[in-house]
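Enquirer:
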Amino acid sequence: MWNLESLGWTSALGDHFEPFAAQGLGAARVAVVHKDLYGVYAPEGELWAEVSGRLRHLSTSPADLPVTGDWVVIRPRPAEGRATIHAVLPRRSLFSRKAAGAVTEEQPVAANADTVLLLTGLDRDFNLRRIERALVLAAPSGAQPVIVLTKADLCADAATRKEEVERMAPAVPVLVASSITGQGLMTVSTYAGPGLTVALVGSSGVGKSTLANRLLGRDAQPTSEVRAHDGRGRHTTTQRELISVPDGGWIIDTPGLREIQLWADEQALPAAFADVDAVAAECRFRDCRHESEPGCAVLAALAEGRLPAERFSSFVKLRKEVRHLALRQDARARQVENRRIRSLHKLARRRPRE
186 MWNLESLGWT SALGDHFEPF AAQGLGAARV AVVHKDLYGV YAPEGELWAE
236 VSGRLRHLST SPADLPVTGD WVVIRPRPAE GRATIHAVLP RRSLFSRKAA
286 GAVTEEQPVA ANADTVLLLT GLDRDFNLRR IERALVLAAP SGAQPVIVLT
336 KADLCADAAT RKEEVERMAP AVPVLVASSI TGQGLMTVST YAGPGLTVAL
386 VGSSGVGKST LANRLLGRDA QPTSEVRAHD GRGRHTTTQR ELISVPDGGW
436 IIDTPGLREI QLWADEQALP AAFADVDAVA AECRFRDCRH ESEPGCAVLA
486 ALAEGRLPAE RFSSFVKLRK EVRHLALRQD ARARQVENRR IRSLHKLARR
536 RPRE
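Going by the working numbering, the sequence shown opens with residue 186, and the numbers climb by one from there.
#1: Look at the alpha carbon of D438 and the alpha carbon of L303, and state the distance between them as a whole number of angstroms.
#2: Checking 8 Å against the spacing of the C-beta atoms, do D317 and L503 come in under that value?
#3: So for R277, helix, strand or coil by DSSP?
#4: Using 8 Å as the cut-off, can you tell me whether the segment 208-218 makes contact with the segment 258-277, which would need three or more C-beta pairs spanning the two stretches below that distance?
#5: Any idea what DSSP makes of P431, helix, strand or coil?
#6: Could you check what DSSP says for P455 in three-state terms: helix, strand or coil?
#7: If you draw a straight line from the C-alpha of V294 to the C-alpha of V359, how long is it?
#8: Looking at the structure shown, is H509 part of a helix, part of a strand, or coil, going by DSSP?
#9: Do F500 and L454 have their C-beta atoms closer together than 8 Å?
#10: Extract the residue ranges of the alpha helix (DSSP H) inside the segment 207-272, only unbroken runs of 4 or more that lie entirely within it.
#11: Give the single residue among K347, V273 and G433 whose Cα lies nearest to the Cα of L243.
#12: So, at 8 Å on beta carbons, what are the nonlocal neighbours of D200 in its own chain, with the 5 sequence-adjacent residues on each side left out?
#13: What is the DSSP secondary structure of H420, reduced to helix, strand or coil?
#14: Considering Cα atoms alone, identify which of L307, W194, D249 and F497 is closest to S281.
#15: If we call anything under 8 Å between Cβ atoms a contact, is A197 one with D255?
#16: Is it buried or exposed, G193, if we count other Cβ atoms within 10 angstroms and call 16 or more buried?
#17: Quick check: does the Cβ of R491 come within less than 7 Å of any heavy atom belonging to the ligand ADP?
#18: Let's see if you can read the secondary structure: which residues bound the alpha helix (DSSP H) around A466?
#19: Under DSSP, the alpha helix (DSSP H) around L484 begins and ends at which residues?
#20: H219: buried (16+ other C-beta within 10 angstroms of its C-beta) or exposed?
#21: Considering only C-alpha positions, which residue in the set L484, S477 and Q452 is nearest to E467?
#22: Pull the bridge partners of V331 from the DSSP assignment, please.
#23: Would you give the residue range spanned by the beta strand (DSSP E) that V294 belongs to?
#24: Kindly list the residues whose CB is nearer than 7 Å to the CB of P261, restricted to its own chain and excluding five residues on each side of it in sequence; keep chain order.
#25: Quick check on K283: does DSSP put it in helix, strand or coil?
#26: Please work out which residues of its chain come closer than 6 Å, Cβ to Cβ, to A284, disregarding the five sequence neighbours upstream and downstream, and give them in chain order.
#27: Rounding to the nearest angstrom, what Cα-Cα distance links W187 and A234 in this structure?
#28: Relative to the C-alpha of D308, which residue among T335, G387 and D450 is closest?
#29: Tell me which residues share the same chain as G433 and place their Cβ nearer than 8 Å to its Cβ, disregarding the 5 neighbours each side in the sequence.
#30: Measuring CA to CA, which of A356, R346 and L401 is closest to V373?
#31: Rounded to whole angstroms, how far is the Cβ of L396 from the Cβ of L385, which I believe are closer than 8 Å?
#32: What does DSSP give as the partner residues of D438 in its beta bridges?
#33: Taking all protein chains shown into account, decide if L512 is buried (16 or more other Cβ within 10 angstroms of its Cβ) or exposed.
#34: Quick check: what's the CA-CA separation for T375 versus V383?
#35: Where does L400 sit, in a helix, a strand or coil, going by DSSP?
#36: What are the boundary residues of the beta strand (DSSP E) that includes L360?
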């Protein structure tokens with residue numbers, strides 16, 4: 186049996202749920218997703234649920250269906266240990282990436298997280314450009330991004346690395362931690378306090394599952410050794426799972442990201458490029474592209490050495506990537522709408538005339 190408040194239920198969720206409660210439906214939180222089957226925590230206990238035919242029919246993308254961390258409306262069948270999901274309640278946050286491969290589709294990772302811990306190792310995994318991408322990815326989620334530099338016990342100059350990241354992202358908290366020595370774990374645990382949900386995100390081998398186990402105080406997640414030749418680990422976590430923390434919070438552990446596929450727009454860039462954004466505000470033209478325009482403050486800062494060339498190069502690369510993504514998203518949206526219209530026309534032709 187689960188108490189909704191202990192799962193993170195809020196008065197705002199209660200307001201959204203009220204019309205469903207009047208229909209005799211219940212509420213639950215999604216703990217794990219297995220293809221078309223969802224493990225949920227509900228007042229009736231831990232149930233396996235499937236989405237209703239209507240909800241699936243109305244869904245136009247994976248983001249319309251339940252995600253780990255979601256609050257859902259269910260009709261429970263406790264005697265069977267099953268339930269049917271009829272709706273997804275409005276999300277406070279949604280961390281997503283672009284689905285792997287050529288398809289332009291959103292891949293939701295975690296819903297309703299208060300904080301997203303962006304983990305990167307202070308070993309061979311350390312890469313400022315990768316951290317930039319992770320910040321751009323996290324910016325549209327609605328959750329607070331926090332950078333956690335793990336494996337501090339393997340780095341002799343952790344303080345220097347931390348300063349590099351802080352200069353790059355001055356508005357984002359940067360923590361240094363070690364699951365071996367316990368350094369920084371107390372600070373990290375505050376983000377998973379009572380009623381709070383934190384998502385752990387990072388590439389394989391950065392120690393997500395090991396960190397999760399330390400925060401949980403038990404070996405809830407399997408771990409594996411990191412390959413010595415490249416510092417990489419196997420994808421120990423194979424599914425996104427919501428796990429309770431002894432202090433009353435929740436962790437969403439996620440599989441390692443082989444590559445950070447952006448699902449964001451240009452509005453997300455300042456999250457990783459506050460320095461570029463600040464200089465760009467001084468450009469003569471508001472829509473300056475920082476290429477050859479007169480009065481471009483960015484080009485002036487580059488010439489004077491006030492803005493590192495590698496930072497601007499990375500900014501230009503990511504700006505090009507998100508612009509290309511926007512074009513592909515528009516094309517896909519048109520395809521989805523055209524399919525919807527054709528479906529309505531077919532349905533209309535099937536109806537008998539009065």
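From the three backbone atoms N, C-alpha and C, an ideal C-beta is built for every residue, glycine too.
Expert: With the structure as the only source:
#1: 12 Å
#2: Reading off the sequence, residue 317 comes out as Glu, not Asp. A contact, by the Cβ cut-off of 8 Å.
#3: coil
#4: yes
#5: coil
#6: helix
#7: 22 Å
#8: helix
#9: yes
#10: 238-243
#11: V273
#12: none
#13: Unreliable placement is indicated for H420, whose pLDDT of 41 sits below 50; no coordinate value is reported for it.
#14: D249
#15: no
#16: buried
#17: The ligand content of the structure shown is nil, which means the ligand ADP is not present either.
#18: Here A466 belongs to no alpha helix (DSSP H), and DSSP marks it neither H nor E.
#19: A482 to E489
#20: exposed
#21: L484
#22: L302
#23: E291 to A296
#24: G211, A227, E229, L232 and A268
#25: strand
#26: E290 and Q292
#27: 16 Å
#28: T335
#29: S191, G378, P379 and G380
#30: L401
#31: 7 Å
#32: L385 and E426
#33: exposed
#34: 10 Å
#35: helix
#36: V359 to V361
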